[in-house]
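Notes follow once the structure below has been shown.
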Amino acid sequence: MDAKSLPLNEPGARPTAPARMAPLAKLPVFWSLAGKRVVVAGGSDGAAWKAELLAACGADVHVYCVEDQLSDVMRGMLRAAIPPSVLPVKEGVDAPEPPSVLPAFGIAIDSLDRLLGFADHASPPSRGEIESRRRDRSLTIPDIGSPIATAASVASGGCHYGAMPAMAQPISPLEGEMSGRTEGGSRSEAITAGTAPLIPAITHHPHPWHLGIFHGAALALADCDTEAEARAFFDAARAAGVPVNVIDKPAFCQFQFGSIVNRSPVIVAISTDGAAPILAQAIRRRIETLLPPALKQWAELAQALRERVNELLTPGNARRVFWERFVDRTFAGNHVPEEGTERALLAEATRLAGAPVCGRVTLVGAGPGDAELLTLKAVRALQQADVILFDDLVSAEVLELARREARRMLVGKRGGRTSCKQQDINDMMVSLAKAGKRVVRLKSGDPMIFGRAGEEIARLEAEGIPVDVVPGITAASAMASRLGISLTHRDHAQSVRFVTGHSRHGDLPANTDWKSLADPSVTTVFYMGGRMAARIRRALVDHGMSDDTPVVVMAAVTRANETRWQGSLADLPDAMQRIGVDEPVLIGIGNAFAERASAMAVERFVATA
Numbered sequence: 009m010d011a012k013s014l015p016l017n018e019p020g021a022r023p024t025a026p027a028r029m030a031p032l033a034k035l036p037v038f039w040s041l042a043g044k045r046v047v048v049a050g051g052s053d054g055a056a057w058k059a060e061l062l063a064a065c066g067a068d069v070h071v072y073c074v075e076d077q078l079s080d081v082m083r084g085m086l087r088a089a090i091p092p093s094v095l096p097v098k099e100g101v102d103a104p105e106p107p108s109v110l111p112a113f114g115i116a117i118d119s120l121d122r123l124l125g126f127a128d129h130a131s132p133p134s135r136g137e138i139e140s141r142r143r144d145r146s147l148t149i150p151d152i153g154s155p156i157a158t159a160a161s162v163a164s165g166g167c168h169y170g171a172m173p174a175m176a177q178p179i180s181p182l183e184g185e186m187s188g189r190t191e192g193g194s195r196s197e198a199i200t201a202g203t204a205p206l207i208p209a210i211t212h213h214p215h216p217w218h219l220g221i222f223h224g225a226a227l228a229l230a231d232c233d234t235e236a237e238a239r240a241f242f243d244a245a246r247a248a249g250v251p252v253n254v255i256d257k258p259a260f261c262q263f264q265f266g267s268i269v270n271r272s273p274v275i276v277a278i279s280t281d282g283a284a285p286i287l288a289q290a291i292r293r294r295i296e297t298l299l300p301p302a303l304k305q306w307a308e309l310a311q312a313l314r315e316r317v318n319e320l321l322t323p324g325n326a327r328r329v330f331w332e333r334f335v336d337r338t339f340a341g342n343h344v345p346e347e348g349t350e351r352a353l354l355a356e357a358t359r360l361a362g363a364p365v366c367g368r369v370t371l372v373g374a375g376p377g378d379a380e381l382l383t384l385k386a387v388r389a390l391q392q393a394d395v396i397l398f399d400d401l402v403s404a405e406v407l408e409l410a411r412r413e414a415r416r417m418l419v420g421k422r423g424g425r426t427s428c429k430q431q432d433i434n435d436m437m438v439s440l441a442k443a444g445k446r447v448v449r450l451k452s453g454d455p456m457i458f459g460r461a462g463e464e465i466a467r468l469e470a471e472g473i474p475v476d477v478v479p480g481i482t483a484a485s486a487m488a489s490r491l492g493i494s495l496t497h498r499d500h501a502q503s504v505r506f507v508t509g510h511s512r513h514g515d516l517p518a519n520t521d522w523k524s525l526a527d528p529s530v531t532t533v534f535y536m537g538g539r540m541a542a543r544i545r546r547a548l549v550d551h552g553m554s555d556d557t558p559v560v561v562m563a564a565v566t567r568a569n570e571t572r573w574q575g576s577l578a579d580l581p582d583a584m585q586r587i588g589v590d591e592p593v594l595i596g597i598g599n600a601f602a603e604r605a606s607a608m609a610v611e612r613f614v615a616t617a
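In this note's numbering, the protein residues as written are 9 to 617.
Here is the structure:
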């Protein structure tokens, strides 16, 4: 059946496209500064941090500040290249590389074109030129054998220092999100540790800034003591067409900096738009713990492989499969790529290039509604899907975790509404998979519990289509957790049963063993039984169950509009009249619910937001 001809449950009632992107406080921009001229006015700690960050990105940094106004941090950074203030690099210590691009936040709309225009203002030096300059500016101490930076020259009225150590963590609360950590060591400690690699130089001009410094600059930063000086610097930079940032003065900033996690070429930057720098730092620390230190080496390997892989694999499923497997290797352990890994990956790409196009289907349990109850494997499947066929009961929050490029198709079935036929859904899964698509059949709860998964698996296997299942949390388990009730409490229940509340013909199931269910020591949970509540109660009473048996009813379990009722079997029909059947309903019956029903006897109807 054609996908376009599949009906919605209610026309126009459920959008299938991803939600539009929410408003952004600022635009995150990753901008290469290699070889670009950047000016920094001021000698404070804040200016030192910015100069160090910019130099770490390969920028040609020029600091303008009179000698007696340099802070100890700035002075230590500028003089770090002059022996003997830097201890030799410790043997066997791997230092992080500087970031390859500068993460900048909050580029003003009216200056974005200027920013992009200046991106090509200067050509970055070649790798050979950089290495040559590094060799020229280092020497070897015979008795130690470690290279240290030396002063290179004094020219053009500025003290031009040699290659600087890569940036350390910031040590004071400075402007924007880039305040960095305050709990680390001092900047001088970071310098004397001597573990950082060499990066491009910083030029110190021992005089104040002036209008001429902006010529040819890609960025301009300043730490100004007064509003008047900040205004003057801001206006001068804008007049020269240079994006500008005045530290700790948001009114004079066309862009901001963020907290960063550096695994260059992988760079993660965090911004709170200046609202909560401490929060940005906390987020950064959490991300640091999630990203393996070896991520840098894997990213470099990806750079080396990319062109050759693209030659072997055309855009589409095979190429994406290759890179997803590459990512799985990256996060499989905290190890760097071994010798031979590159050859093995290229061999895998070659094999994928020659393999026939074949899709697959994954049946995924979406859980009861709360997106945080999804399994990691379920999220991974959603993020790898080409097409998602989802039931009407799947929450919007769960769908938002899916790959944005994936096509989403509502194929849900609900009693009393226009629905897709199961045969049509089966046909669609087969058709999409044979076209090479990776299909996720997304079902509320667990696909193997009242999800008709058996029929779908049988059809796919008959067609020779690979199929696997990712289990989900079934609604009964979620209900028990929300109520704090054990469905198999040894004092109240010897077994638990999940029972469908209606047949395919809209009646009670004909083959239900009501006598066994009428035993109050059996915890019974009826799924999809809202419309049949009165008849369920009648059948149980007719087979010997007392009307005083504890009952719990929950609708929209784990969702924002979750509704609960606790009482006795006698009151079940009236309770369902009050709750309604617009949301998925569970009915729990048995002595296991006695304690909770007793505690809530006075307030029998509770709606939770």
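Backbone N, C-alpha and C fix where the C-beta goes; we use that ideal spot for every residue, glycine too.
Quantities reported herein were computed from a predicted structural model and do not represent experimental measurements.
Can you tell me the Cα-Cα spacing of residue i and residue j, whole angstroms?
| i | j | result |
| --- | --- | --- |
| Met-267 | Ala-283 | In the sequence as presented, Met is not what sits at residue 267; that position holds Ser. Going by the C-alpha atoms only, they are around 13 Å apart. |
| His-500 | Asp-336 | 46 Å |
| Val-47 | Arg-271 | 26 Å |
| Ile-221 | Thr-297 | 41 Å |
| Ala-244 | Leu-219 | 7 Å |
| Pro-26 | Arg-412 | 6 Å |
| Pro-345 | Gln-305 | 7 Å |
| Val-69 | Pro-273 | 21 Å |
| Val-619 | Met-82 | Examination of residue 619 is not possible in this model, given that the chain is present from 9 through 617 alone. |
| Val-369 | Val-475 | 5 Å |
| Glu-380 | Val-419 | 23 Å |
| Phe-339 | Leu-303 | 8 Å |
| Glu-405 | Glu-332 | 24 Å |
| Arg-388 | Val-438 | 22 Å |
| Ser-576 | Asp-555 | 7 Å |
| Lys-658 | Gly-462 | With the chain running from 9 to 617 in the structure shown, residue 658 is simply not present. |
| Ile-286 | Gly-43 | 32 Å |
| Glu-356 | Glu-350 | 10 Å |
| Arg-505 | Val-329 | 41 Å |
| Ala-541 | Gly-324 | 50 Å |
| Leu-548 | Ala-288 | 58 Å |
Could you check where the beta strand (DSSP E) with residue i kicks off and where it finishes?
| i | result |
| --- | --- |
| Gly-596 | 593–597 |
| Asn-270 | 267–271 |
| Val-625 | In the structure as shown, the chain starts at 9 and stops at 617, and residue 625 therefore has no counterpart that could be examined. |
| Asn-519 | Unbroken run through Asn-519: none, as it is neither H nor E. |
| Thr-508 | 503–508 |
| Gln-305 | Not the beta strand (DSSP E): Gln-305 falls in the alpha helix (DSSP H), residues 303–320. |
| Lys-58 | From DSSP, Lys-58 is part of no beta strand (DSSP E) but of the alpha helix (DSSP H) over 53–64. |
| Asn-253 | 252–254 |
| Gln-574 | 571–576 |
| Met-417 | 415–418 |
Leaving aside the five residues before and after residue i along the sequence, list all residues of the same chain whose C-beta is less than 6 Å from its C-beta, in chain order.
| i | result |
| --- | --- |
| Ala-486 | Pro-376, Val-565, Thr-566 |
| Ile-595 | Phe-534, Gly-537, Val-561 |
| Ala-410 | Leu-390, Ile-396 |
| Glu-591 | Ala-563, Ala-564 |
| Val-593 | Gly-538, Ala-563 |
| Thr-496 | Val-504 |
Which residue's Cα is closest to the Cα of residue i: the options?
| i | options | result |
| --- | --- | --- |
| Leu-320 | Gly-362, Ala-352, Asp-281 | Gly-362 |
| Tyr-72 | Gly-66, Asn-318, Asp-231, Pro-31 | Asp-231 |
| Arg-415 | Thr-520, Gln-392, Leu-354, Val-276 | Gln-392 |
| Gly-509 | Arg-359, Arg-545, Gly-492, Ile-481 | Arg-545 |
| Gly-224 | Ala-259, Ala-67, Ser-279, Asp-281 | Ala-67 |
| Thr-234 | Asp-378, Pro-251, Ile-255 | Ile-255 |
| Pro-364 | Lys-445, Arg-293, Lys-429 | Lys-445 |
| Leu-265 | Ile-278, Ala-541, Lys-44 | The displayed chain sequence assigns Phe, not Leu, to residue 265. Selected option, being the one with the closest Cα: Ile-278. |
| Asp-399 | Ala-355, Gly-453, Arg-351 | Gly-453 |
| Leu-353 | Ala-312, Asn-342, Ser-79 | Ala-312 |
Exposed or buried, residue i, counting other C-beta atoms within 10 Å across all chains shown (16 or more means buried)?
| i | result |
| --- | --- |
| Asn-569 | exposed |
| Glu-464 | buried |
| Met-417 | buried |
| Ala-386 | buried |
| Gln-431 | exposed |
| Lys-451 | buried |
| Asp-53 | buried |
| Gln-262 | buried |
Looking only at its chain, what residues have a beta carbon closer than 8 Å to the beta carbon of residue i, apart from the 5 residues adjacent to it on each side?
| i | result |
| --- | --- |
| Gly-598 | His-500, Ala-501, Pro-528, Ser-529, Val-530, Thr-531, Thr-532, Thr-557, Pro-558 |
| Ala-602 | His-500, Pro-558 |
Using C-beta distances below 7 Å, list every residue in its chain close to residue i, excluding the 5 sequence neighbours before and after it, in chain order.
| i | result |
| --- | --- |
| Leu-440 | Gly-367, Val-395, Val-447 |
| Asn-318 | none |
For the alpha helix (DSSP H) that residue i lies in, which residues bound it at each end?
| i | result |
| --- | --- |
| Trp-331 | 325–338 |
| Arg-567 | Counting along the chain, Arg-567 falls outside any alpha helix (DSSP H), and DSSP gives it neither H nor E. |
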